[in-house]
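As structure tokens, the structure follows; a few thoughts come after it.
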Amino acid sequence: MGVADEQVHQSGSGWSPVAVDDNLSLMSIGFLLASPDDAVIWRGPKKNGMIRQFLSEVDWGSLDYLLVDTPPGTSDEHLSAATYLSQAGVTGAIIITTPQEVALLDVRKEIDFCRKVNVRILGVIENMAIFICPCCQKMSEIFPATTGGARQMCKELDVPYLGNLPLDPKLARLCDEGRDILTEMPSSPVVQALNGIVKDLIDLCENSD
Numbered sequence: 000m001g002v003a004d005e006q007v008h009q010s011g012s013g014w015s016p017v018a019v020d021d022n023l024s025l026m027s028i029g030f031l032l033a034s035p036d037d038a039v040i041w042r043g044p045k046k047n048g049m050i051r052q053f054l055s056e057v058d059w060g061s062l063d064y065l066l067v068d069t070p071p072g073t074s075d076e077h078l079s080a081a082t083y084l085s086q087a088g089v090t091g092a093i094i095i096t097t098p099q100e101v102a103l104l105d106v107r108k109e110i111d112f113c114r115k116v117n118v119r120i121l122g123v124i125e126n127m128a129i130f131i132c133p134c135c136q137k138m139s140e141i142f143p144a145t146t147g148g149a150r151q152m153c154k155e156l157d158v159p160y161l162g163n164l165p166l167d168p169k170l171a172r173l174c175d176e177g178r179d180i181l182t183e184m185p186s187s188p189v190v191q192a193l194n195g196i197v198k199d200l201i202d203l204c205e206n207s208d
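Per numbering that gives the first Met the number 0, residue 0 is the first one in the sequence shown, and the count goes up by one each step.
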């Protein structure tokens, strides 16, 4: 997002997040490290303490939406985040997967985790579902789904399927350069797919009550 060299600052009301633009701010442990190459080797209590600080001591101001990006799996960190967020009335979880069965096996566990901790599942997004050749626009499945992919899994587990996102090398390049794909490539298939998914998610959040 073009803010890798930024730092967070402490204020009277907590940490001040890094502003990407007028409508988007973010917070990451990367901003607290002396070097981007530094490893974070923390035991459970310290990690849980940092999660609590991130969720309760960041001065976000007035928010429309708060997105929390978690690592894959169902670890201590996920339980801590779910516990702290439950006190704030979390709207739900968005689960991201790829078409391969090994990824879907983990996602099935994550769906079960959400149900056990009473976090509503807003839906599943299938990333890197297809590759669209930039030269001929031909679509190819580079990670063929052997068991029907995320769509079939969602049907089996009665979870909303929000859609899929194509793999686009230009997106990776823009991310590395800290540039916005929404303004750089507004008519690309990945932006069109993303806009449709975001619209559905906004509708889900606004009607969550």
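Note that the Cβ used here is the ideal one computed from N, Cα and C, for glycine as well.
- Closest in C-alpha terms to arginine 114, from the list Leu156, Pro35, Gly195, Asp68, comes Leu156.
- Here the alpha carbons of lysine 198 and leucine 32 stand approximately 35 Å from one another.
- Taking a 10 Å sphere around the C-beta of histidine 8, we find fewer than 16 other C-beta atoms and assign the residue as exposed.
- Look at asparagine 47 here: in three-state DSSP terms it is helix.
- The beta carbon of proline 159 is closer than 6 Å to those of Gly122 in its chain, skipping five residues each way along the sequence.
- For valine 106, the uninterrupted alpha helix (DSSP H) run begins and ends at 100-115, by DSSP.
- The three-state reading of DSSP puts phenylalanine 30 in helix, counting H, G and I together.
- With a cut-off of 8 Å on Cβ pairs, the region 160-168 is in contact with the region 184-196, counting three or more such pairs.
- Residue environment for cysteine 132: exposed (fewer than 16 other C-beta atoms within 10 angstroms of its C-beta).
- Aspartate 20 is bridged by DSSP to Leu23.
- For isoleucine 196, the CB contacts under 7 Å within the same chain, skipping 5 residues up- and downstream, are Ile124, Leu161, Gly162 in chain order.
- Between aspartate 58 and serine 15, the C-beta spacing is below 8 Å.
- At a Cβ-Cβ threshold of 8 Å, valine 106 and isoleucine 93 do not count as neighbours.
- In the DSSP annotation of this structure, the continuous segment of the beta strand (DSSP E) that includes glycine 13 starts and ends at 13-15.
- Residue state for serine 85 is assigned as helix, using DSSP reduced to three classes.
- When beta bridges are read from the DSSP output, threonine 69 appears opposite no residue.
- When Glu140, Gly91, Pro143 are compared, the shortest CA-CA separation from isoleucine 120 is found for Gly91.
- Nearest to serine 27 by alpha-carbon distance, out of Ile129, Ser74, Met49, Met152, is Met49.
- Aspartate 63 is not a Cβ neighbour of glycine 43, given a cutoff of 8 Å.
- Counting every other CB atom within 10 Å of its CB across the protein chains shown gives proline 70 a total below 16, marking it as exposed.
- The C-alpha of asparagine 206 is placed about 33 Å away from the C-alpha of glycine 177.
- Using a Cβ distance threshold of 8 Å, leucine 54 and alanine 80 count as a contacting pair.
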